[in-house]
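Quick note, the sequence shown lines up with residues 6 to 349 if you use this note's numbering. For reference, the structure is listed below as structure tokens.
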Amino acid sequence: MRRLRYEWRKRGCKLLTKREAAALVLPKDKKPLKERGEAFAPANIALVKYWGKCDDELNTPRTASLSVTLDGLGAKTVIRRGHSSDRIWLNGVELGADSGFSGRLSSYLDIYRDDQCRFFEVETESNIPIGAGLASSAAGFAALALALDDLFGWELEPSALSILARLGSGSACRSLYPGFVEWRTGRCGDGSDSHSVPLKERMPGLRVGLVMVDEAEKPVGSREAMRRTRDTSPLYEAWPRQVAHDLRSMKRAIKHRDFELLGETAEANALAMHATMMAARPAVLYWLPASVAQMRRVWELRARGVPLFFTMDAGPNLKLLFMAETEALVREAFPELRVVDIFP
Ligand code: PMV
6 MRRLRYEWRK RGCKLLTKRE AAALVLPKDK KPLKERGEAF APANIALVKY WGKCDDELNT
66 PRTASLSVTL DGLGAKTVIR RGHSSDRIWL NGVELGADSG FSGRLSSYLD IYRDDQCRFF
126 EVETESNIPI GAGLASSAAG FAALALALDD LFGWELEPSA LSILARLGSG SACRSLYPGF
186 VEWRTGRCGD GSDSHSVPLK ERMPGLRVGL VMVDEAEKPV GSREAMRRTR DTSPLYEAWP
246 RQVAHDLRSM KRAIKHRDFE LLGETAEANA LAMHATMMAA RPAVLYWLPA SVAQMRRVWE
306 LRARGVPLFF TMDAGPNLKL LFMAETEALV REAFPELRVV DIFP
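Below, the structure is given as structure tokens:
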């Protein structure tokens, strides 16, 4: 049983549904619905990962995490009032109600249905591949929360929007700010203090490069993979301790603009996360042979003195971490690389 839910229940507190948790941050007074709501939200890549929930309903995390936001890469969403059912388009194609993506969106939209708006039409344009471990769901749910804010005229603070985005997909709560962002666990069982905060520090010159190994949707979604890891992996017990240690190192690296420490910590943290899931039963393995080949290429370059590191999420693709000074060298070794300047 999830510890936080357990503690919360022991204290005699009621377990909340998503709708009840959202009501804690939504305004009580309704404004007239606008014709349409529209928003863009960027993707983010965690340098210290979120892996495992306290509360599976509210997406509250077992540990804090820290990410960088990918400027310009993400999802644009337009939302309107629907008529007799939800209708959802992704990159111009209307999805059937049986598709995984529209099912997730519709169930998230249940939070917001009321007598003004019983159904929604949602059009999302994403400039990153969907479901391939490239943080497309983070961008998608953050854009949706922002677009709903626009449609309903709530004018919510970023921390409240971060909470609403989190109810769609945990990592989405970090997509509300540029640069370095920390998502704090929070102490309340209702999730009302589990949102992201921007860090004021910057690291000009920091680059993230996306190495595409495979664009196909992942075989096991992150929700199921996290649950399986938390509930069955003997290595998961060590994970919260490791994250606490890595967060301290990461913050030191950011404060002193120490790129090597940042890269080393991010790479080791990602590998530790993957180790916890490989030890789950049944095992979760997102790596493909080509993922390992790309890791080896990073390590070879590093052995030759190039400060280059990688991180990986719930998919086979790598994200390279390097500084502007080495961009030309890195591009030479990874010709297909898509490079994002984190602090333009
Ligand atoms: O937010 P979710 O459920 O898509 O989970 C994201 C998990 C990782 O991408 C692997 C790590 C992270 O912190 O983003």
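Just so it is clear, CB atoms sit at the ideal spot from N, CA and C, and this is done for glycine as well.
* Asked: Taking a cut-off of 5 angstroms, which residues have a beta-carbon closer than that to any heavy atom of the ligand PMV, in chain order?
  -> So the residues near the ligand PMV by this Cβ test are 51, 54, 55, 70, 142, 174, 175, 176, 227, 318 and 319.
* To do: Can you tell me the Cβ-Cβ gap for residue 227 and residue 284, rounded? I've got them flagged as a contact below 8 angstroms.
  => By a beta-carbon distance limit of 8 angstroms, residue 227 does not contact residue 284. Their separation comes to about 17 angstroms.
* Once you ignore the five residues that flank residue 316 on each side, which residues in its own chain have a CB closer than 7 angstroms to its CB? -> Result list for residue 316: 50, 52, 271, 272, 275, 324 and 326, in chain order.
* Where do the ends of the beta strand (DSSP E) carrying residue 187 lie? -> Note, residue 187: beta strand (DSSP E), 185–188.
* To do: Check the C-beta distance from residue 211 over to residue 347 and give it rounded, since I have them as a contact under 8 angstroms.
  => With 8 angstroms as the limit, residue 211 and residue 347 qualify as a contact, their Cβ atoms being about 4 angstroms apart.
* Asked: Cβ atoms of residue 94 and residue 244: under 8 angstroms apart, would you say?
  -> Going by C-beta atoms, residue 244 is not nearer than 8 angstroms to residue 94.
* Would you kindly report the start and end of the unbroken beta strand (DSSP E) that includes residue 145? => Not the beta strand (DSSP E): residue 145 falls in the alpha helix (DSSP H), residues 141–157.
* Asked: Who does residue 244 pair with in a DSSP beta bridge?
  -> As computed with DSSP, residue 244 is found in no beta bridge at all.
* To do: Determine contact between the stretch 197–210 and the stretch 166–179, defined as no fewer than three beta-carbon pairs at a distance below 8 angstroms.
  => Because the criterion of three Cβ pairs below 8 angstroms is met, the stretch 197–210 and the stretch 166–179 touch.
* Asked: So, using beta-carbon positions, are residue 297 and residue 314 closer together than 8 angstroms?
  -> No, they are not a contact pair.
* Looking only at C-alpha atoms, which of 294, 70, 307 and 312 sits nearest to residue 320? -> With distances taken between Cα atoms, residue 320 lies closest to 294.
* Specify whether the stretch 107–117 and the stretch 72–83 touch according to this definition: at least 3 beta carbon pairs, one from each stretch, less than 8 angstroms apart. => Counting C-beta pairs with one atom in each stretch, the stretch 107–117 and the stretch 72–83 have fewer than three that are closer than 8 angstroms, which means they do not touch.
* To do: Less than 8 angstroms between the CB atoms is what I'm expecting for residue 312 and residue 300, so what's the real figure, rounded?
  => Between residue 300 and residue 312 the Cβ distance is about 16 angstroms, and since that is not below 8 angstroms, they are no contact.
* If you scan the stretch 165–242 from start to end, which runs of the alpha helix (DSSP H) of 4 or more residues do you find wholly inside it? -> Complete alpha helix (DSSP H) runs here, min 4: 227–237.
* Considering only C-alpha positions, which residue in the set 32, 337 and 331 is nearest to residue 161? -> Nearest neighbour of residue 161 by Cα position, chosen from 32, 337 and 331, turns out to be 32.
* Contact under 8 angstroms by Cβ, residue 234 with residue 66 -> Their beta carbons are not under 8 angstroms apart, which means residue 234 does not touch residue 66 by this criterion.
* Asked: Between which two residues does the alpha helix (DSSP H) harbouring residue 274 extend?
  -> That run of the alpha helix (DSSP H) goes 264–283.
* To do: Please list, in chain order, all residues of the same chain as residue 181 whose beta carbon is under 7 angstroms from its beta carbon, the five residues on each side excluded.
  => Same-chain partners within the cutoff: 147, 163, 166, 167, 170 and 201.
* Asked: Do the CB positions of residue 46 and residue 172 come within less than 8 angstroms of each other?
  -> No, the pair does not count as a contact, with Cβ atoms beyond the cut-off.
* **With 16 other Cβ atoms within 10 Å as the buried cut-off, status of residue 193** => The residue in question, residue 193, is exposed, as its Cβ has fewer than 16 Cβ neighbours within 10 Å.
* Asked: Considering only residues of the same chain and omitting the five flanking positions on each side of residue 258, which have a CB-CB separation below 7 angstroms?
  -> For residue 258, where only same-chain residues beyond five positions count, the Cβ hits under 7 angstroms are 266, 267 and 270.
* Are the C-beta of residue 130 and some C-beta of chain D separated by less than 8 angstroms? -> Here there is only one protein chain, and chain D is not present.
* Proximity of residue 54 and residue 278 at Cβ, strictly below 8 angstroms -> Contact: yes.
* Asked: Along the chain, where does the alpha helix (DSSP H) that runs through residue 296 open and close?
  -> Note, residue 296: alpha helix (DSSP H), 294–308.
* To do: Round the Cβ separation of residue 143 and residue 177 to the nearest angstrom and send it over; I've been treating them as touching at under 8 angstroms.
  => Confirmed, about 4 angstroms.
* Give the straight-line distance between the Cα atoms of residue 260 and residue 99, rounded to the nearest whole angstrom. => If you take the alpha carbons of residue 260 and residue 99, they lie about 46 angstroms apart.
* For residue 290, which residues from the same chain have a beta carbon less than 7 angstroms from its beta carbon, with the 5 sequence-adjacent residues on both sides left out? -> Contacts found: 283.
* Since I believe residue 96 is in contact with residue 43 (beta carbons under 8 angstroms), could you give me their beta-carbon distance rounded to a whole number of angstroms? => The C-beta separation of residue 43 from residue 96 comes to about 16 angstroms, leaving the pair out of contact by the 8 angstroms criterion.
* To do: Look at the alpha carbon of residue 221 and the alpha carbon of residue 187, and state the distance between them as a whole number of angstroms.
  => Distance between the alpha carbons of residue 221 and residue 187 is about 29 angstroms.
* Asked: Any idea what DSSP makes of residue 20, helix, strand or coil?
  -> Look at residue 20 here: in three-state DSSP terms it is coil, with no helix or strand label.
* Going by the beta-carbon positions, is the gap between residue 213 and residue 335 smaller than 8 angstroms? -> Taking the C-beta atoms as reference points, residue 335 is found no nearer than 8 angstroms to residue 213.
* To do: Determine the direct distance from the alpha carbon of residue 263 to that of residue 253, and round the result to whole angstroms.
  => Answer to the nearest angstrom: the Cα atoms are 13 angstroms apart.
* Roughly how far, in whole angstroms, is the beta-carbon of residue 63 from the beta-carbon of residue 26, given that I think they are within contact range, below 8 angstroms? -> The pair is a contact, with the Cβ atoms about 5 angstroms apart (cut-off 8 angstroms).
* To do: Starting from the C-beta of residue 333, find all residues in its chain whose C-beta is less than 6 angstroms away, skip the five residues before and the five after it, and write them out in chain order.
  => Closer than 6 angstroms at Cβ, skipping near neighbours: no residue.
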